[in-house]
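Trainee: Using our numbering, the final residue of the sequence shown is 406, and nothing's skipped along the way. Just so it is clear, CB atoms sit at the ideal spot from N, CA and C, and this is done for glycine as well. Handing you a structure now.
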Amino acid sequence: MIRGRVGYVLKLGVGILILLIVATRVDLAAALDQLAAADLRYAAVAAALFLATHGVNAVKLGLLLPERSAASLFGYTLATQAYALLLPGQIAGEAVKAYRLSRLPGTAGMRIVCAVVVDKLTAIAAILLLTVAGLVAEHQRFGDGMLWLAGMMLAGLLAVTALFGWAPTQRWLGGIGERDGHGFAIRFWLGRRMGQFLEAWRSQAGQPQTVLFSLAYGLLSQGLAVAGSLLFAQALGIQLGLAAWCVVIGALSVLLLAPVTIGGIGLREASLVGLLMPFGVAPDRALALALALFAFQILMAAVGLAVDLLALKDA
């Protein structure tokens with residue numbers, strides 16, 4: 092418990108330190124002025140698009156959990172935004188969502204965990220696919236390096252997914268629960284859970300159409316996020332093409348998966364300033380965009396927390 096608190100404080104400190112470094116190198120006052128002068132019409136449509144991504148994500152998860160109502164999954168999707176802001180990395184929010192859903196009465200826990208894992212894997216695959224498409228379109232600007240990196244990440248994701256479906260891997264993982272001479276109870280407990288997870292994984296693998304639809308919804312969700320970011324940027328006077336935003340938002344989404352800071356604080360701002368530099372975007376405008384995205388994340392986290400406290404007790 093103490094070690095976890097120390098780690099949390101350290102990650103919060105790292106985020107604040109990165110943010111302070113960015114603030115010393117970028118005109119923060121100019122960034123705030125840019126934010127204050129933003130075109131609210133573009134910002135309002137962008138916010139609606141970002142909100143729509145959560146609705147799409149709820150429908151996407153519903154493909155894998157058809158027994159749960161769309162309203163319930165939308166509530167948990169919103170609640171995840173609060174945990175993603177309060178915990179390190181986006182994956183932490185997904186872990187809390189899996190835990191909360193698996194605790195519901197009459198729910199097969201590891202089946203829920205498997206569904207959330209598959210849901211996240213298809214979401215990451217969608218992010219990488221759009222990023223690769225943007226890199227191909229912007230090849231002259233980015234060259235081969237980033238394209239190879241994104242392609243290798245996508246290939247690695249597919250390889251890991253296939254590895255879980257490979258019979259020898261499943262036999263090895265399923266054998267974790269067999270008691271050895273020492274009879275470690277935790278090993279037995281882990282093995283039972285792994286066996287349940289693999290059973291759920293095989294069930295999902297037997298429904299390729301559902302997985303493909305999940306990937307399609309993931310592409311739609313990421314496309315809405317890219318469009319929302321483009322409009323937020325236009326509200327601040329940043330003019331970039333759709334392909335460029337596929338690269339920028341795709342790279343940012345991958346970076347924010349890393350549990351380096353709490354809620355992506357500092358990492359988001361430094362990444363956007365760096366990612367927009369090749370396009371000639373002034374650092375203060377890039378920082379203003381990062382602050383706008385962070386402000387919307389805080390708003391969604393507040394809504395998610397309210398939904399969690401008031402509406403999800405019996406969902």
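What first and last residue would you give for the alpha helix (DSSP H) that runs through Leu152?
Mentor: Element bounds for Leu152: 131-155.
Trainee: Could you say which of Ala307, Leu390, Thr252, Leu126 lies nearest to Val208 if we only look at CA atoms?
Mentor: It is Thr252.
Trainee: Starting from Phe323 and walking both ways along the alpha helix (DSSP H), at which residues does that stretch end?
Mentor: Run containing Phe323: 299-326, per the alpha helix (DSSP H) assignment.
Trainee: By a C-beta neighbour count over all protein chains shown, 10 Å radius and 16 as the cutoff for buried, is Val97 buried or exposed?
Mentor: Result: exposed.
Trainee: Measure the beta-carbon distance from Thr222 to Ala241 and round it to whole angstroms, keeping in mind my assumption that it falls under 8 angstroms.
Mentor: Contact holds; Cβ gap of about 5 angstroms.
Trainee: Thinking C-alpha only, which one of Ala334, Trp336, Arg359, Ala335 is nearest Leu346?
Mentor: If we check each option's Cα against that of Leu346, Arg359 comes out closest.
Trainee: What's the gap between the Cα of Leu177 and the Cα of Ser362?
Mentor: Taking the straight line from one Cα to the other gives about 19 angstroms.
Trainee: Enumerate, from N- to C-terminal direction, the unbroken alpha helix (DSSP H) stretches of 4 or more residues contained entirely within the region 156-200.
Mentor: You should have 161-177, 181-193.
Trainee: Looking at the unbroken alpha helix (DSSP H) that takes in Glu360, where does it start and where does it end?
Mentor: Looking at the DSSP string, the run of the alpha helix (DSSP H) that includes Glu360 is 358-367.
Trainee: Cβ atoms of Tyr308 and Val147: under 8 angstroms apart, would you say?
Mentor: A contact, by the Cβ cut-off of 8 angstroms.
Trainee: Considering only the alpha carbon of each residue, which of His145, Gly297, Pro179, Thr301 lies closest to Leu103?
Mentor: Comparing Cα positions, the closest option is Pro179.
Trainee: Could you tell me whether the Cβ atoms of Ala162 and Tyr174 are closer together than 8 angstroms?
Mentor: Result no, Cβ atoms of Ala162 and Tyr174 do not sit closer than 8 angstroms.
Trainee: Measure the alpha-carbon distance for Leu401 versus Ala318 and round it to whole angstroms.
Mentor: Going by the C-alpha atoms only, they are around 31 angstroms apart.
Trainee: What's the gap between the Cα of Ala349 and the Cα of Glu290?
Mentor: Rounded to whole angstroms, Ala349 to Glu290 spans 29 angstroms at the Cα level.
Trainee: Enumerate in chain order the residues of its own chain whose CB-to-CB distance from Asp130 is below 6 angstroms, with the five nearest sequence positions on each side excluded.
Mentor: Answer for Asp130: Ala326, listed in chain order.
Trainee: Quick check: what's the CA-CA separation for Gly274 versus Phe141?
Mentor: Because the pLDDT at Gly274 is just 48, under 50, the model does not fix this residue reliably, and the point stays unresolved.
Trainee: For the region 389-399 and the region 156-172, state whether three or more C-beta atom pairs, one from each stretch, are separated by less than 8 angstroms.
Mentor: Touching, per the Cβ criterion.
Trainee: Is the beta carbon of Ala335 closer than 8 angstroms to that of Gly225?
Mentor: Against a cut-off of 8 angstroms, the Cβ pair of Ala335 and Gly225 comes out as a contact.
Trainee: Quick one: residues in its chain with C-beta nearer than 8 angstroms to the C-beta of Ala134, no 5 flanking neighbours on either side, listed in chain order?
Mentor: Cβ within range, chain order: Leu322, Phe323, Ala326, Ala383.
Trainee: Go ahead and pull the three-state DSSP assignment for Ile353.
Mentor: Strand.
Trainee: In the DSSP assignment, find the alpha helix (DSSP H) that holds Ile340 and state where it starts and stops.
Mentor: First-last of the alpha helix (DSSP H) with Ile340: 333-346.
Trainee: Within 10 Å of its beta-carbon, does Met243 have 16 or more other beta-carbons around it, so buried, or fewer, so exposed?
Mentor: Its Cβ having fewer than 16 others within 10 Å, Met243 is exposed.
Trainee: In chain order, what residues of the same chain have a beta carbon less than 7 angstroms from the beta carbon of Phe370, not counting five sequence neighbours either side?
Mentor: Excluding positions up to five away in sequence, the list reads Leu331, Ala335.
Trainee: Just the C-alpha distance for Leu154 and Met368, rounded to the nearest angstrom, thanks.
Mentor: Spanning the two alpha carbons is a distance of roughly 39 angstroms.
Trainee: Between Trp80 and Gln295, what straight-line distance do the alpha-carbon atoms span, to the nearest angstrom?
Mentor: What the structure shows of the chain is the stretch from 92 to 406, and residue 80 is not part of that stretch, so it cannot be assessed.
Trainee: For Gln313, which of Ile356, Ile215, Leu164, Glu158 has the nearest alpha-carbon?
Mentor: Cα-wise, what sits closest to Gln313 is Ile215.
Trainee: Output needed for Pro299: all residues of its chain with C-beta closer than 7 angstroms, excluding positions within five of it in sequence on either side, in chain order.
Mentor: Cβ within range, chain order: n/a, list empty.
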